[in-house]
Amino acid sequence: MAGVYTVTQMNSYIKNMFRQDFVLNRISIKGEISNCKYHTSGHIYFTLKDEGGVLSAIMFASQAGMLDFHLDNGMKVVVQGKIDVYERDGKYQLYANSITLDGIGDLYKKYEQLKEHFEEMGYFAREYKRPIPEFARKIGIVTASTGAAVHDIMNIAHRRNPYVSLYLYPAQVQGEMAKYSIVKGIEVLDSMKPDVIIVGRGGGSLEDLWAFNEEIVAEAIFNASTPVISAVGHETDFTIADFVADLRAPTPSAAAELAVCDILQVESRINTYATYLYNNLVNRIDRERNRIRQLELQFKLYNPASQINENRHRLIQLENHLDSLMKGHITAGRNKTAVFASRLEGVSPMLKLKQGYSYTEDAKGSQVSSVEDVRKGEELHVYVRDGVIISKVTEVNNGKRIDS
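Going by our numbering, the letters in the sequence shown line up with residues 301 to 704, in that order.
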């Protein structure tokens, strides 16, 4: 059908029209930065806005690397570049080549001067940073009583630990009197001795956040005896208060996460430690019981009473052994004596006497076994079975029979 085009053809046609327009290829547009995002590739995506409309914009990494300041939401800028069409989406956007500050240039320079001043004064030094208590129970908050910041902090604090007490000082966080209100809030809460103070507000332009760049606010944070967490604006917003505070949170919600411990995690850690301690205690008790048993055995082994009883048993054994040896020796001796007795009995004079023989001794007790042993008239003792006969030698006959 004549006069019908595809979407791709139409997008290409419009893109060609944009490129042929001299004004669109070299244009400067001023507006306020919003939805600013730094991509990991280095490209910057943002939107330019004013009272009547918005314009999508992108600045590629090659041009973004030449910026001498950080692009933040709320900045009023003048962007030089060209308007072109992104064919795939059929959307036109501003391709930025350079960006200059507009309107807040002097304010931004003042911010840089204040930052340099406080850094030289040592307000940013790490050695002055106080640690944030891990288990805070009393938390002060300096922010507006209305708005998302205080509600985010309250919701997250209640979710993480409903036992934490929150003390809000409803301060002005924007406008000429905001700096005095913020300072007053810090001083009042600091006098109440909380565990930590959160100072902050939601995002905004540099002018909106300017109260947190004021010198008296920085000094109040630095001189506070309570650790301070600064939570001003969005993640990309930086103020003097962020650098002076003991800890910077990218958002008020993140500040609540940092200030309030998660009670569930604490309970889990406590349960883990309790189980660990219980197991260690049980193991220790078992080890000590085993050691006591070993000591009891050693005590029984080396106990004097046990030693005495053991020696008594040993003595009884030795006595029994000695008694057995003595009885054995006695029995053997008796047997041996019986043998000797039997032998002696065979040669015993008494046995011979009982058999009718006699035994003769001279007066000196010497045995008379030959006629040569006596003399005539000598007295002799003749032993017979039942006594002794005392006689006198009347005659000695050498082998001759004497007839009566």
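Positions of the beta carbon are idealized from the N, C-alpha and C atoms, including for glycine.
Quick one, which of Ile329, Lys484, Leu371 has its alpha-carbon nearest glycine 342's?
Per the Cα distances, Leu371.
Cα separation between leucine 558 and alanine 549?
Spanning the two alpha carbons is a distance of roughly 8 Å.
Taking the beta carbon of tyrosine 578 as the centre, do at least 16 other beta carbons fall within 10 Å, making it buried, or is it exposed?
That one is exposed.
In this structure, how does DSSP classify leucine 466 when only helix, strand and coil are distinguished?
Three-state DSSP puts leucine 466 in a strand.
What residue from Lys627, Met492, Ile399, Lys382 has the CA that sits closest to phenylalanine 322's CA?
Among Lys627, Met492, Ile399, Lys382, the Cα nearest to that of phenylalanine 322 is on Lys382.
How about glycine 331 and lysine 349: do their beta carbons lie closer than 8 Å?
In this structure, lysine 349 lies closer than 8 Å to glycine 331 by Cβ.
In whole angstroms, give me the CA-to-CA distance for tyrosine 683 and arginine 614.
Taking the straight line from one Cα to the other gives about 58 Å.
Exposed or buried, glutamate 514, counting other C-beta atoms within 10 Å across all chains shown (16 or more means buried)?
Glutamate 514 comes out buried.
In angstroms with no decimal places, state the Cα-to-Cα distance between asparagine 461 and glycine 533.
So the alpha carbons of these two residues sit roughly 24 Å apart.
Roughly how many angstroms lie between the CA atoms of aspartate 508 and valine 517, to the nearest whole one?
Near 15 Å, if we compare the C-alpha coordinates of valine 517 and aspartate 508.
Are valine 668 and glutamate 661 closer than 8 Å when you measure CB to CB?
Taking 8 Å as the Cβ cut-off, valine 668 and glutamate 661 qualify as a contacting pair.
When you compare the CB positions of valine 378 and isoleucine 333, do they come within less than 8 Å of one another, or not?
Result no, Cβ atoms of valine 378 and isoleucine 333 do not sit closer than 8 Å.
Mapping the DSSP letters down to three states, classify aspartate 546 as helix, strand or coil.
Looking at aspartate 546 - three-state DSSP - the assignment turns out to be coil, as it is neither helix nor strand.
Are the CB atoms of alanine 357 and alanine 396 within a distance shorter than 8 Å?
Yes, these two residues count as a Cβ contact at 8 Å.
Could you check which residue in Phe512, Asp546, Ala638, Leu468 has the C-alpha nearest to that of tyrosine 423?
The shortest Cα separation from tyrosine 423 among Phe512, Asp546, Ala638, Leu468 belongs to Asp546.
How would you label aspartate 586, buried or exposed, when you count the other beta carbons within 10 angstroms and need 16 or more for buried?
Exposed, since its Cβ has fewer than 16 Cβ neighbours within 10 Å.
What are the complete alpha helix (DSSP H) segments, minimum 4 residues, inside the segment 355-390?
If we require 4 residues or more, the alpha helix (DSSP H) runs fully inside the segment 355-390 come out as 361-364.
Output yes or no for whether 8 Å exceeds the beta carbon distance between lysine 484 and alanine 511.
Taking 8 Å as the Cβ cut-off, lysine 484 and alanine 511 do not qualify as a contacting pair.
Which first and last residues belong to the alpha helix (DSSP H) in which lysine 479 is found?
Where lysine 479 is concerned, the enclosing alpha helix (DSSP H) stretches over 478-491.
For lysine 692 and lysine 654, what's the separation of their Cα atoms in angstroms?
For lysine 692 and lysine 654, the distance between alpha carbons rounds to 24 Å.
Candidates Gln565, Gln607, Glu619: which alpha carbon is nearest glutamate 434's?
Closest by alpha carbon: Gln565.
Could you pull out every unbroken beta strand (DSSP E) segment of at least 3 residues lying fully inside the segment 615-699, listed in chain order?
Qualifying beta strand (DSSP E) stretches, in chain order: 659-662, 679-684, 687-692.
Closer than 8 Å by C-beta to isoleucine 497: which residues in its own chain qualify, once you throw out the five before and the five after it? Chain order, please.
Hits under 8 Å: Ile439, Gly440, Ile441, Val442, Ile486, Leu489, Asp490, Ala524, Thr526, Pro527, Val528, Ile529.
Put serine 704 into one of helix, strand or coil per three-state DSSP.
Note that serine 704 scores a pLDDT of 46, beneath 50, so its modelled location is shaky and nothing firm can be said.
Going by DSSP in three states, asparagine 296 sits in which element: helix, strand or coil?
As displayed, the chain neither begins before 301 nor continues past 704, which places residue 296 out of reach and without an answer.
Grouping DSSP H, G and I as helix and E and B as strand, with all else coil, what is alanine 520?
DSSP places alanine 520 in helix when its eight states are reduced to three.
So, is glycine 502 buried or exposed, given that buried needs 16 or more other C-beta atoms within 10 angstroms?
Burial call: buried.
How far does the beta strand (DSSP E) with glutamate 351 in it reach, from first residue to last?
Glutamate 351 -> no beta strand (DSSP E), and no H or E assigned at all.
Using a threshold of 8 Å, state whether the C-beta atoms of phenylalanine 318 and tyrosine 411 are closer than that.
Their beta carbons are not under 8 Å apart, which means phenylalanine 318 does not touch tyrosine 411 by this criterion.
What is the DSSP secondary structure of threonine 443, counted as helix, strand or coil?
Here threonine 443 sits in strand by DSSP.
Do tyrosine 463 and isoleucine 563 have their CB atoms nearer than 8 Å?
Yes.
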